[in-house]
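Numbers 47 to 298, taken from this note's numbering, label the letters of the sequence shown in order.
Idealized CB from N, CA, C, for every residue including glycine.
No experiment lies behind these values; they were computed from the predicted model shown.
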Amino acid sequence: MDKNQPSQMDLLIESHLGLHRQGPGSTEMTLRALNFVELPNDAHIADLGCGTGGQTMALAQNTAAGITGVDFIPAFIEVFNDNARQLSLHERVRGIVGSIDALAFEKESLDLIWSEGVIDSLGFEKMLAYWNGFLKKDGYVAVTCPSWLSDERPDEVQKFWSDAGSGMDSIESNIVTLRGCGYQFIAAFVLPEKCWTENYYNPRKAAEKQLWEKYPGSEAVQEYVRSMAYEVDLYERFKPHYGYVFYIGRKL
47 MDKNQPSQMD
57 LLIESHLGLH
67 RQGPGSTEMT
77 LRALNFVELP
87 NDAHIADLGC
97 GTGGQTMALA
107 QNTAAGITGV
117 DFIPAFIEVF
127 NDNARQLSLH
137 ERVRGIVGSI
147 DALAFEKESL
157 DLIWSEGVID
167 SLGFEKMLAY
177 WNGFLKKDGY
187 VAVTCPSWLS
197 DERPDEVQKF
207 WSDAGSGMDS
217 IESNIVTLRG
227 CGYQFIAAFV
237 LPEKCWTENY
247 YNPRKAAEKQ
257 LWEKYPGSEA
267 VQEYVRSMAY
277 EVDLYERFKP
287 HYGYVFYIGR
297 KL
């Protein structure tokens with residue numbers, strides 16, 4: 047590969063590898079969602095689409111559970127496991143390379159499935175229905191998913207998320223879907239604006255500057271940074287209409 051023309055996936059990984067979070071969120075919101083969950087002392091949690099594990103380590107530091115993080119990007123899992131070792135959590139927290147729509151866990155073996163920021167890309171209903179089979183009875187699911195926050199759905203927003211493969215729907219519709227997939231609805235709440243700006247967009251923008259230094263004059267970097275800037279601009283202009291929402295359910 048031409049060093050000056052990395053792929054868009056290469057750039058995505060490089061610009062996210064050093065971030066505490068690979069999407070909107072915060073430790074405070076992770077722990078707020080965790081407060082709705084009741085776990086046994088010997089609980090097993092799966093964090094699906096875990097990235098480098100920012101939220102995973104927060105879960106580990108606030109539970110006694112064994113936790114398996116799953117992500118399809120090996121570089122993320124390498125950092126994940128390094129983070130677990132640095133925090134002395136490696137005896138009960140491990141990351142593995144895998145796909146969240148082809149899980150290697152035994153059926154009905156998990157007490158909690160956690161997933162921040164990735165369920166929408168594979169289908170909210172499809173994944174909730176699939177993951178249900180891996181939860182014990184009364185096990186929990188906790189996910190964040192982009193959702194409409196108003197009845198108005200601007201065409202520009204709809205096109206952006208649709209082009210990204212999103213099936214973004216309203217909070218009310220997603221709760222109906224959650225129930226239809228075999229869960230008792232426990233709670234839902236909207237992530238605050240700083241979960242997008244302070245915790246994700248600002249650190250990502252700093253990482254993008256490093257790409258310019260590494261790949262001077264790269265058209266691929268120019269295209270990538272432009273697309274990321276458009277995403278930020280879209281959120282700034284239309285944030286009253288959409289955002290990430292935490293959904294928590296318990297398997298019936």
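When the beta-carbon positions are compared, Ile142 and Leu94 stay at least 8 Å from each other. By the neighbour-count criterion, in which a residue is buried when 16 or more other Cβ atoms sit within 10 angstroms of its Cβ, Trp258 is exposed. In this structure, Val116 keeps its C-beta atom at 8 Å or more from the C-beta atom of Ala130. Look at the beta carbons and you see the stretch 57-77 touching the stretch 86-100: at least three pairs across the two are nearer than 8 Å.
Ala188 counts as buried, since no fewer than 16 other beta carbons sit within 10 angstroms of its beta carbon.
Straight-line measurement puts the Cα of Val222 at about 33 Å from the Cα of His62. Under the three-state reduction of DSSP output, Pro249 falls in the helix class. Contact annotation, Leu280 with Glu202: C-beta distance approximately 7 Å; criterion of less than 8 Å satisfied. Rounded to the nearest angstrom, the Cβ distance from Tyr276 to Cys191 is 21 Å, too far for a contact under 8 Å. For the options His90, Glu84, Phe292 and Ser212, the alpha carbon positioned closest to that of Lys153 is the one of His90. His90 sits in a strand when the DSSP states are folded into three classes. Leu156 has Leu181 as its beta-bridge partners, per DSSP.
For Ala188, the pairing in a beta bridge is given by DSSP as Trp160 and Ile294. By DSSP's assignment, Ala234 forms a beta bridge with Tyr293. DSSP, read as helix, strand or coil, puts Ser216 in strand.
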